[in-house]
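Chains as they are written, first to last, in my numbering: chain A, 1 to 116; chain B, 1001 to 1115.
Backbone N, C-alpha and C define an ideal beta-carbon position, used for all residues, glycine too.
One structure below.
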């Protein structure tokens, strides 16, 4: 199985709502990522988990809260978002990130988030 | 620091013609270089990577890329373009010695292949 799955595909939420994005992989990868992508722009790294521990936080606002319950799952909890947070949220995984290894990332299809 | 540049926002080619999507990079150490493709409303899909060794790298769907250290380039090529190759292409770089987990992506190049 070389697939990264994400749910939901689409999400519309108000600025006072709390919602969660989910990501799952069964490739045995030990690194998982969250990216934010605006239309026709490159993905922007938000968080990296390595061996279920948060390794990188790219100064993301606290209204985004990541969680890695186990090696296969990655969540992104959303609270009090702003309209400018509307974007495609991509999850990715790779074999590892230790020693700067040359591991390509496998991306999910993304969750299209709209904040009203 | 690491950076990557894709100098062309848009590349247009006719079906059956060769295509080139350009990428140049800057790293302080040795680079790992990647090409990804993104179809509309989809995630990024890995095409190929350069680690070390042979400068010509072959990847998925008939794509290949040539690593040129002196020109710090990693251009993506295909001998004969298909309409289905039309998509957004991203080059990415990671410094071998640093930045574990952090790849820097170029701004992307939209490839349009016309019948």
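{"query": "The stretch 23-32 of chain A touching the stretch 1002-1019 of chain B, judged by at least three CB pairs closer than 8 Å", "result": "no"}
{"query": "Beta carbon proximity, residue 50 of chain A to chain B, threshold 8 Å", "result": "yes"}
{"query": "Straight-line Cα distance separating residue 1045 of chain B from residue 1025 of chain B", "result": "20 Å"}
{"query": "Rounded distance between the beta-carbons of residue 1115 of chain B and residue 1015 of chain B, thought under 8 Å", "result": "5 Å"}
{"query": "Whole runs of the beta strand (DSSP E) within the stretch 1051-1087 of chain B, excluding any shorter than 3 residues", "result": "1056-1058, 1064-1068, 1073-1078"}
{"query": "Any C-beta of chain B under 8 Å from that of residue 43 of chain A", "result": "yes"}
{"query": "Range of the contiguous beta strand (DSSP E) that encloses residue 1021 of chain B", "result": "1019-1021"}
{"query": "Proximity below 8 Å, CB of residue 75 of chain A to CB of residue 20 of chain A", "result": "yes"}
{"query": "Separation of residue 1028 of chain B from residue 1134 of chain B, as counted between CA atoms", "result": "The question about residue 1134 of chain B has no answer here: the residues shown for chain B are numbered 1001 through 1115."}
{"query": "For residue 1031 of chain B: DSSP bridge partner residues", "result": "B/1095"}
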